[in-house]
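Worksheet: one structure, shown below.
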């Protein structure tokens, strides 16, 4: 005669038990102190939503938009840092970042005017970087919502 497994009862605790290879799985102790019953696997995604090609495409597009916004914010912020730290304007990298930042400033390059031009650059281009991060996150979120 073998013991038949009993269904779990309310209040049963989950207990970790070792299996082959040293891994640990969760199991439920049986009423009456018998051997533990393995716990069934949970679905991979909450709500059981299947990963479809459309969902993968939309997720990849959202990640691409977020990456582009972060690169734009980084280039704008890099120009502000170069200016504040008085980088050499004749340097090729400085000129490249300056050209890129001037086209990505979103019209905020002359929003505030301070006595020190370095502060003006830092505040205006720093604000443009923050706006890029906000816009990128918002657009990526809207794109991700289309997958649901």
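Numbering (the numbering used here), first residue to last: 4 to 151.
Just so you know, even glycine gets a beta-carbon here, dropped at the ideal spot from N, CA and C.
All values derive from a computational prediction rather than experimental measurement.
Counting only the Cα atoms, residue 101 lies some 12 Å from residue 112. Check the Cα spacing between residue 148 and each of 6, 10, 8 and 63: the tightest is with 63. Its chain contains 79, 108, 109 and 111 as the residues whose beta carbon lies nearer than 6 Å to that of residue 131, once the 5 sequence neighbours on both sides are disregarded; these appear in chain order. Following the DSSP letters along the chain, one finds residue 116 in no alpha helix (DSSP H), marked with neither H nor E.
Beyond the five residues adjoining it in sequence on each side, residue 71 comes within less than 8 Å, by CB distance, of 139 in the same chain, given in chain order. In this chain, residue 10 is not harboured by any alpha helix (DSSP H), its DSSP state being neither H nor E. With 16 or more neighbouring CB atoms inside 10 Å of its own CB, residue 81 falls in the buried class. If you draw a straight line from the Cα of residue 93 to the Cα of residue 99, it is about 10 Å long.
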